[in-house]
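For reference, the structure is listed below as structure tokens.
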Amino acid sequence: MEREDLLPFRPLAPWMLARYGRATHRLALDAGSTCPNRDGTRGRGGCTYCDVEGSGTGAQKDGLDLRRQMEAGLARLARRAEDGVPPAVVAYFQSYSNTYVTPERLREVLASLDPWLPEGGAVADGAPRVACVALATRPDTLPEWALDELARLKEERGVDVWLELGLETADDEVQRRIHRLHTLAEFHDAARRARAASFAWATRSSDCPATGVKARAAPRSSWRRAAWRASRCTT
Ligand code: SF4
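Residue numbers (my numbering): 833 to 1067.
Here you go:
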């Protein structure tokens, strides 16, 4: 029995190797969005552990639009080709909440990847291509129109779409204390809808090492269930 078979979750690296047939690297992108925990819709000031760049690269503020971020990132990744085979790329919209935008803005952001998607025209032979588009967002900012838009991208351009739904902890009281300001119920709802739309989705949960706040005993089993579900890819 392989060591992976003993784990209570499916490790990502072998899954990606099997799916894309080559090494896969994540390319972090900053679409210069915001989030409802900053602009007053849900709260102001953001989560206690978040930085001013929305936990991302800050590339937009440095004047790099998405196309230039892609070009620079892909040039770096091209050096990682193995036996002349370029890596597959996960275009990862990391900063802020990437579905907390207008439909027009989400379309514009996704369109910035056009040249590097399957069937895109501008990629030289042997250059890395995007195999997967990943968006980080909050569970309370995942409208149906955004799921539809992402489903269209997946269908029309033949890429995987992943959603990263921030959770951090399954304890609503801890969520409040770290100023995260959404609930476990909202997370479950977003995860259910993402799964119904056949997207792979994942979560991250830190149990708040930055704050030293620990989730209480009762919701911890709920955290384990959430993490276990999150580890299962559904594409
Ligand atoms: S929800 Fe995300 S972007 Fe917003 S403050 Fe928290 S960590 Fe930062």
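For every residue, glycine included, the Cβ atom is placed at its ideal position computed from N, Cα and C.
These numbers were taken from a predicted model, which means no experiment stands behind them.
By alpha-carbon distance to V884, the top candidate from R874, R870, D897 and G875 is R870.
Around the CB of G864, 16 or more other CB atoms lie within 10 Å, so the residue is classed as buried.
Under the DSSP assignment, G998 falls in the beta strand (DSSP E) whose first and last residues are D992 to G998. Per DSSP, A943 is one residue of the alpha helix (DSSP H) stretching across P935 to A943. Excluding five sequence positions before and after Q892, the CB atoms of its chain that fall closer than 6 Å to its own CB belong to D862 and G864, given in chain order.
Looking at F1031, R900 and E996, the one whose alpha-carbon comes closest to that of L982 is F1031. Annotated three-state conformation of V1006 is helix, per DSSP. Remark: the C-beta of G864 is outside contact range of the ligand SF4, defined as less than 8 Å to any heavy atom. Burial is judged here by how many other beta carbons sit within 10 angstroms of a residue's own beta carbon; F841 has fewer than 16 and is exposed.
Remark: the C-beta of G872 is outside contact range of the ligand SF4, defined as less than 8 Å to any heavy atom. The Cβ atoms of V933 and L859 lie no closer than 9 Å to each other. Not one heavy atom of the ligand SF4 lies closer than 8 Å to the C-beta of C964.
Within its own chain, the residues whose Cβ lies closer than 7 Å to the Cβ of V917, once the five positions on either side in sequence are excluded, are R854, listed in chain order.
Y881 carries a coil assignment under DSSP once its states are collapsed to helix, strand and coil. Contact check for A966 and F925: beta-carbon distance about 7 Å, within the 8 Å limit, so the pair qualifies. Membership of H1014 in any alpha helix (DSSP H) is not indicated, and neither H nor E is assigned to it by DSSP.
In the three-state DSSP reduction, E981 falls in the helix class (H, G or I). The alpha helix (DSSP H) runs lying completely inside the stretch 883-923 and spanning 4 residues or more are 898-910, given in chain order. Distances taken from the Cβ of R937 to the heavy atoms of the ligand SF4 include none shorter than 8 Å.
Beta-bridge pairing by DSSP links L859 to A923. Taking 9 Å as the cut-off, the beta carbon of L974 is found closer than this to the beta carbon of L997.
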